[in-house]
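Protein chains in written order, with the numbering used here: chain A, 1 to 248; chain S, 249 to 379. Virtual Cβ for every residue (Gly too), placed ideally from N, Cα, C. Worksheet for the structure shown next.
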């Protein structure tokens with residue numbers, strides 16, 4: 001297999017030494033079927049063992065290798081070098097604080113995921129121990145696409161609203177809330193409404209749509225958020241008119 | 249080892265220059281200035297209508313000057329390309345229709361919007377006596 005020289009320009013930041021991040025260049029002999037993650041692994045294994053970055057599965061499942069590749073947030077395990085120019089700039093995901101080199105601090109988004117209660121909430125008694133919740137294929141189809149999220153946080157990196165306002169709950173967490181709101185087994189929609197319909201919930205989204213364009217799993221968070229705006233507005237008027245149409 | 253996360257600054261005034269996607273978004277949002285202009289124009293028109301027939305006719309004449317017709321034409325194009333076309337394209341995202349286990353194809357919802365648009369336009373043209 002042919003090799004190609006790739007010029008990697010990687011952002012470095014050592015919190016104990018550096019006041020601000022800086023760029024370091026590496027020349028990497030890449031095989032033509034490599035992805036960017038392979039090239040970064042080559043740097044770590046052969047050129048510079050001090051480079052810090054996250055990765056695990058190398059197959060778009062774990063969601064930990066997201067980085068800015070030439071300014072575009074993407075999973076490095078799905079970005080082939082054959083689709084890129086000879087010089088590639090790698091930076092940690094935008095809109096997140098840099099912990100070290102290519103590792104970012106995700107605490108804020110993890111906390112937001114907890115905040116939206118992304119689990120089945122029941123008001124009725126759960127089914128007896130030997131029974132399970134019944135769900136038809138049609139009811140599953142209502143939210144199946146939303147379950148594909150791998151929490152890679154690339155959507156947050158693409159979202160200018162989150163970049164400008166860190167209080168915004170943001171694409172992945174809102175999508176996760178919508179996934180449970182749509183689940184026929186769940187009865188927690190009204191519990192989540194307080195968070196989602198608040199100032200920092202769905203209405204902070206101005207439908208830039210970047211989150212959906214960069215999502216590696218085609219979850220389409222922008223669509224989920226717009227659907228929540230419709231749901232939230234309907235729920236508001238139902239409550240105003242004293243109709244309790246909510247199934248929960 | 250001490251943690252000192254570095255926060256990259258984001259300019260509140262020039263952030264949209266970062267990529268083409270953001271630029272298109274900002275161009276879409278800038279149509280709000282035209283919405284403001286047409287809101288004021290409607291108020292001026294109504295005020296002229298309430299004032300006197302002469303004022304109303306003067307208002308109508310002012311809107312029929314070549315410069316204003318060109319302006320209205322350009323504004324219409326701007327709205328078409330940055331509001332109508334993109335929003336109709338995005339409509340199936342906000343209002344997906346599921347029939348059984350399958351989602352109704354996006355094209356049905358998009359075409360439905362164009363048909364509704366045509367029907368409403370024809371009704372308005374009929375109402376004002378153009379057709």
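Are residue i and residue j touching if we call contact CB-CB under 8 Å?
| i | j | result |
| --- | --- | --- |
| residue 35 (chain A) | residue 77 (chain A) | yes |
| residue 216 (chain A) | residue 154 (chain A) | yes |
| residue 349 (chain S) | residue 223 (chain A) | no |
| residue 7 (chain A) | residue 86 (chain A) | yes |
| residue 178 (chain A) | residue 228 (chain A) | yes |
| residue 197 (chain A) | residue 232 (chain A) | yes |
| residue 172 (chain A) | residue 214 (chain A) | no |
| residue 358 (chain S) | residue 334 (chain S) | no |
| residue 71 (chain A) | residue 150 (chain A) | no |
| residue 293 (chain S) | residue 281 (chain S) | no |
| residue 187 (chain A) | residue 124 (chain A) | yes |
| residue 336 (chain S) | residue 362 (chain S) | yes |
| residue 202 (chain A) | residue 174 (chain A) | yes |
| residue 16 (chain A) | residue 250 (chain S) | yes |
| residue 183 (chain A) | residue 143 (chain A) | yes |
Which partner residues does residue i have in the DSSP bridge list?
| i | result |
| --- | --- |
| residue 67 (chain A) | A:74 |
| residue 81 (chain A) | Beta-bridge pairing links residue 81 (chain A) to no other residue. |
| residue 15 (chain A) | None, per the DSSP bridge assignment. |
| residue 7 (chain A) | A:27, A:87 |
| residue 185 (chain A) | BP columns for residue 185 (chain A) are empty, so no partner. |
| residue 350 (chain S) | S:347 |
| residue 100 (chain A) | A:103 |
| residue 35 (chain A) | A:80 |
| residue 254 (chain S) | A:98 |
| residue 249 (chain A) | Since the first and last residues shown for chain A are 1 and 248, residue 249 (chain A) lies out of range. |
Report, in whole angstroms, the separation of the C-beta atoms of residue i and residue j, which I expect to be a contact under 8 Å.
| i | j | result |
| --- | --- | --- |
| residue 68 (chain A) | residue 93 (chain A) | 6 Å |
| residue 32 (chain A) | residue 1 (chain A) | 6 Å |
| residue 263 (chain S) | residue 164 (chain A) | 7 Å |
| residue 122 (chain A) | residue 9 (chain A) | Contact flag wrong, Cβ pair sits at about 52 Å. |
| residue 344 (chain S) | residue 105 (chain A) | Incorrect: roughly 35 Å between the Cβ atoms, too far for contact. |
| residue 269 (chain S) | residue 128 (chain A) | In fact, because the Cβ distance is near 51 Å, the residues do not count as touching under 8 Å. |
Would you please verify whether the beta carbon of residue i is less than 8 Å from any beta carbon of chain D?
| i | result |
| --- | --- |
| residue 337 (chain S) | Here the protein chains are A and S, and chain D is not one of them. |
What are the start and end residues of each continuous alpha helix (DSSP H) run of 4 or more residues lying completely inside the region 299-333 of chain S, in chain order?
-> 301-311, 314-327
Any residues in the region 11-35 of chain A with a beta carbon nearer than 9 Å to a beta carbon of chain S? Which ones, in chain order?
-> 13, 15, 16, 18, 19, 20, 21
Scan the region 309-327 of chain S for residues whose Cβ lies nearer than 8 Å to a Cβ of chain A and list them as they occur along the chain.
-> none
Could I get the ranges of all uninterrupted alpha helix (DSSP H) runs contained in the region 105-176 of chain A, with 4 residues as the minimum, in chain order?
-> 107-115, 137-141, 154-158, 160-164
Against chain S: residues of the region 163-178 of chain A by CB proximity under 7 Å | 163, 164
Closer than 8 Å, Cβ to any Cβ of chain A: which residues of the region 249-283 of chain S, in chain order?
-> Those residues of the region 249-283 of chain S placed with their C-beta closer than 8 Å to a C-beta in chain A are 249, 250, 251, 252, 253, 254, 255, 256, 258, 260, 263, 264, 266, 267, 269, 270, 273, 277, ordered along the chain.
Interface residues of the region 89-100 of chain A facing chain S [CB-CB below 8 Å] | 94, 95, 97, 98, 99
Any chance you could list the alpha helix (DSSP H) runs of at least 4 consecutive residues sitting entirely within the region 177-230 of chain A, in chain order?
-> 189-196, 210-214
Going along the chain, which residues of the region 218-238 of chain A sit with their C-beta nearer than 8 Å to a C-beta in chain S?
-> 220, 222, 223, 226, 227, 229, 230
Residues, ordered as in the chain, of the region 344-362 of chain S that lie near chain A by beta-carbon distance below 8 Å | Listed by position, the residues of the region 344-362 of chain S near chain A (Cβ gap below 8 Å) are 344, 346, 348, 349, 350, 351.
Closer than 7 Å, Cβ to Cβ, to anything on chain S: give me those residues from the region 45-58 of chain A, in chain order.
-> The region 45-58 of chain A vs chain S, Cβ under 7 Å: nothing.
Members of the region 121-151 of chain A near chain S, C-beta cut-off 7 Å = 137, 138, 141, 142
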